[in-house]
Amino acid sequence: MIRLKSNANLQRLADELLPSALASDITKPECYYEETTYQANSWVKPRKVIIKSVRPAGELLFTHSFFVTNLVDAFSPEAIISTYQKRGTMENYIKEAKNGFAFDKMNSHSYQVNEVKMMMSLLAYNLTNWLRTLCFPEGQKTMQIDTIRTRIIKVASKLVKSGRSLYFKLASSFVYQEFFWKVIQRIQRLKLE
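And the structure:
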């Protein structure tokens, strides 16, 4: 399956396939899936194309996405689009592993050294995902690693000694204090068995 770049012919085709919008309530979002046959000028034969038409609530016009596939007979258009979107999600996970955990920085000439680096990166990535899933408040579980570092790890603090105890004192100007303490409290409530 490949996403097609929109063009005037595909747009016209999508508009023709849309159901009549006369009775539609524009305060509610709408989403339609259609399948058709289309042949681009550079193609030798026509191919199956799935069209996803979305109109957000309050909008008048639909936005169309086009996908060429050979899976139409085996799956519904909705299932095919869902599979494509999951692929994009997986690509985002890989991008985060590369950018946030140096997963692509295997610069040693030794295979074993590179393998250990990769395993350490994977361990850090998985621990961060567990932290995000188990301890972050709702609505903040999708943060990227750079944001997590800024809000939890790169925190200005002072090491204070009181009697025989050592503890960190956060800067009073720390902007993300509320989030930081919520995460710490959730970590402390975790029960390891």
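Under numbering that gives the first Met the number 0, the residue at position 7 of the sequence shown is numbered 6, and the numbers go up by one with no gaps. Even for Gly, the Cβ is constructed at its ideal location relative to N, Cα and C.
- Contact check for I147 against T132 fails: the beta carbons are separated by 8 Å or more.
- In the DSSP assignment, K160 falls within the beta strand (DSSP E) that extends over S156 to S161.
- Between I79 and I49, the C-beta gap is smaller than 8 Å, which places the two residues in contact.
- By the C-beta criterion, the segment 105 to 119 is judged not to be in contact with the segment 74 to 88, since fewer than 3 inter-stretch pairs fall below 8 Å.
- Residue nearest to F65 within the set P76, P55, A56 and G57 is P76 (criterion: CA-CA distance).
- In the structure shown, E77 adopts helical secondary structure according to DSSP, grouped into three states.
- Shown here, E90 sits in a helix according to DSSP, grouped into three states.
- A residue is called buried when at least 16 other Cβ atoms come within 10 angstroms of its Cβ; V182 meets this threshold and is buried.
- Distances from the CA of D24 to each of L60, Q143, L189 and Y37 were compared; the closest alpha carbon is that of L60.
- Looking from the CA of T149, the closest CA among F173, F167 and Y37 belongs to F173.
- Secondary structure of I49 (DSSP, three-state): strand.
- If you ignore the 5 residues before and after S5, its C-beta comes within less than 7 Å of the C-beta of H63 and F65, all in its own chain and listed in chain order.
- As DSSP reads the structure, R2 sits in a beta bridge with F66.
- Taking a C-beta distance under 8 Å as the contact criterion, V67 and L3 qualify as a contact pair.
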